[in-house]
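Worksheet: the structure to be examined is printed underneath.
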């Protein structure tokens with residue numbers, strides 16, 4: 005196989021226009037693609053998937069080592085490489101201080117049935133979370149804890165939003181993130197015998213005394229509105245993390261991480277505590 | 005007492021110039037003041053402290069209820085109120101969508117000896133953390149866990165940075181945050197018989213099997229560089245949070261929160277687990 009390398013010198017190039025259009029959600033949905041801007045994120049996708057369809061590089065900004073990695077990936081995966089002149093790259097980058105590497109990545113939309121459930125399932129569920137930064141942080145927390153998936157219900161944010169990609173350090177492409185309807189989700193957990201445990205600040209039961217060793221879905225809501233009423237009514241259990249300071253709530257991803265890691269702790273301990 | 009209310013109609017007003025200058029760290033240090041932009045944050049300071057020196061309001065943007073709270077606070081604390089015309093307020097606000105309230109707040113710089121140590125001390129220590137958003141999140145996590153203080157060593161960021169204020173939802177004014185020299189910190193913990201437990205990804209001991217029921221300072225480093233070598237050598241213990249996914253690290257405030265809440269859990273349990 006040969007490397008397909010093209011040069012882009014004009015701001016009017018159709019590829020340039022396409023990448024800029026991908027900043028719009030509608031265009032990402034229509035094309036089922038997104039752009040990933042930054043070496044750290046692109047490298048993670050390169051190292052773990054074959055989802056990259058095109059590279060856009062500015063040779064002045066990237067190292068020889070990185071370039072050779074890009075060539076290797078492109079050869080193995082038939083990925084096109086577009087060398088952009090400085091002004092072209094400046095036009096397509098989304099970052100203030102770009103490091104010279106952008107990738108066009110195919111979306112792999114996953115469904116609930118695509119989740120590879122572990123022996124003792126653990127799922128994180130985010131209800132109505134809007135901020136892309138929070139969704140990215142939730143993905144990172146669920147992945148770090150070793151959960152099976154993150155499920156987004158009542159979601160208003162497109163998971164291919166550049167800020168979801170950045171805040172998850174591109175983990176959104178490696179870890180199962182599923183957007184689904186709230187009723188489908190509850191059918192799924194009933195079918196799979198998974199308890200649903202919602203984090204609710206006013207709940208009297210503490211997360212540390214709740215049995216999380218059985219198959220569990222931990223549900224978190226937004227800091228402002230919490231878990232939706234419709235979802236709240238269907239929960240198996242409501243739990244809280246006791247706040248000891250001036251704040252009446254934790255950041256949603258922090259609260260989720262505390263509950264997820266408590267679940268992992270309980271499962272790693274021989275005795276219930 | 006009377007209310008001191010003045011109108012500002014000119015962009016050339018000295019107060020306007022002063023607030024804009026406060027965006028610079030040097031000016032905040034020199035004046036020992038900062039500005040807090042936004043109702044949520046200002047309200048939290050109003051409800052908990054008498055640190056507010058001046059209010060800047062745009063009457064078109066704030067409600068009658070809020071205005072009456074501002075008047076009450078101003079009367080009780082001799083706080084001046086400046087009513088700004090729309091264009092003046094637009095000039096001084098730091099936010100994209102301002103909600104019409106800015107406060108000038110006095111700094112209350114705290115030292116290690118100002119910490120009111122609880123019976124069984126718990127301190128969070130951040131080594132070399134640069135991002136204001138992370139410092140804000142660490143303050144929030146330490147406060148939520150009910151820790152005694154957050155200590156910043158090798159700090160490069162001014163704690164009065166507007167993004168620290170915003171990401172901590174102004175908790176930086178309510179919760180003890182101390183910047184200090186690393187040697188002073190270790191002298192302090194030795195004097196107070198507090199163990200120092202560092203979160204280090206490669207440490208073999210797990211945070212869940214470490215005894216955190218005794219007086220403890222939990223130390224976290226930056227995601228990129230971790231805890232400094234000089235600090236690492238002085239630690240009582242090195243612990244890790246096992247990562248199960250594609251990421252080799254958690255966000256620093258998430259990791260800190262997991263360790264802090266594990267400490268709280270251990271202390272609330274009768275038996276060691």
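Chains as they are written, first to last, in our numbering: chain A, 5 to 277; chain B, 5 to 277.
Here a beta-carbon is modelled for each residue, glycine too, at the ideal position from N, C-alpha and C.
Give the straight-line distance between the Cα atoms of residue i and residue j, rounded to the nearest whole angstrom.
i             : j             : result
residue 137/B : residue 41/B  : 16 Å
residue 38/A  : residue 140/A : 15 Å
residue 17/A  : residue 110/A : 21 Å
residue 9/A   : residue 166/A : 25 Å
residue 20/B  : residue 266/A : 49 Å
residue 236/A : residue 209/A : 15 Å
residue 257/B : residue 258/A : 8 Å
residue 72/A  : residue 93/A  : 20 Å
residue 214/A : residue 231/A : 19 Å
residue 96/A  : residue 24/A  : 6 Å
residue 62/B  : residue 74/B  : 12 Å
residue 7/A   : residue 171/A : 32 Å
residue 248/B : residue 268/A : 10 Å
residue 79/B  : residue 233/A : 41 Å
Grouping DSSP H, G and I as helix and E and B as strand, with all else coil, what is residue i?
i             : result
residue 276/A : Any reading at residue 276/A must be qualified, since the residue scores a pLDDT of 44, below 50, and its modelled position is unreliable; no value is offered.
residue 236/A : helix
residue 153/A : strand
residue 252/A : coil
residue 84/A  : strand
residue 131/A : strand
residue 58/A  : strand
residue 220/A : strand
residue 345/B : Given that chain B is displayed from residue 5 to residue 277, the structure contains no residue 345/B and the question cannot be resolved.
residue 10/B  : strand
residue 110/B : strand
residue 105/A : strand
residue 245/A : coil
residue 257/B : helix
residue 164/B : coil
Kindly indicate which residue of the options has the alpha-carbon position closest to the one of residue i.
i             : options                    : result
residue 262/A : 110/A, 185/A, 144/A        : 144/A
residue 198/A : 165/A, 30/A, 219/A, 69/A   : 219/A
residue 27/A  : 227/A, 14/A, 168/A         : 168/A
residue 113/A : 146/A, 154/A, 150/A        : 154/A
residue 271/A : 7/A, 176/A, 151/A          : 151/A
residue 1/A   : 245/A, 59/A, 193/A, 174/A  : There is no way to answer for residue 1/A, as the model of chain A reaches only from 5 to 277.
residue 49/B  : 250/A, 106/A, 190/A, 129/A : 250/A
residue 177/A : 160/A, 147/A, 187/A        : 147/A
residue 34/A  : 45/A, 101/A, 22/A          : 22/A
residue 185/B : 130/B, 201/B, 229/B        : 130/B
residue 116/B : 93/B, 188/B, 122/B, 66/B   : 188/B
residue 253/A : 174/A, 173/A, 228/A, 67/A  : 228/A
residue 173/A : 14/A, 224/A, 46/A          : 46/A
residue 98/B  : 68/B, 255/B, 247/B, 43/B   : 43/B
residue 221/A : 206/A, 192/A, 247/A, 101/A : 192/A
residue 105/A : 255/A, 68/A, 133/A         : 68/A
Can a CB atom of chain A be found closer than 8 Å to the CB of residue i?
i             : result
residue 117/B : no
residue 215/B : no
residue 229/B : no
residue 27/B  : no
residue 44/B  : no
residue 196/B : no
residue 277/B : Caution is warranted here: a pLDDT of 43 is assigned to residue 277/B, below 50, making its placement in the model unreliable, and the coordinate value is therefore given only provisionally. It does; some Cβ of chain A falls within 8 Å.
residue 55/B  : no
residue 120/B : no
residue 258/B : yes
residue 127/B : no
residue 32/B  : no
residue 112/B : no
residue 133/B : no
residue 245/B : yes
Quick check on residue i - is its C-beta less than 8 Å from some C-beta in chain B?
i             : result
residue 103/A : no
residue 225/A : no
residue 50/A  : no
residue 212/A : yes
residue 202/A : no
residue 152/A : no
residue 269/A : yes
residue 255/A : yes
residue 272/A : yes
residue 4/A   : Past the edges of chain A, shown from 5 to 277, lies residue 4/A, and the structure says nothing about it.
residue 162/A : no
residue 141/A : yes
Along chain C, which residues have their Cβ under 7 Å away from the Cβ of residue i?
i             : result
residue 179/A : Although the question refers to chain C, the structure presented lacks it and instead comprises the protein chains A and B.
Within the region 22 to 82 of chain A, note down every full beta strand (DSSP E) run reaching 3 residues or more, in order along the chain.
37 to 41, 56 to 61
Segments of 3+ residues assigned as beta strand (DSSP E) that fall wholly inside the region 191 to 217 of chain B:
199 to 203
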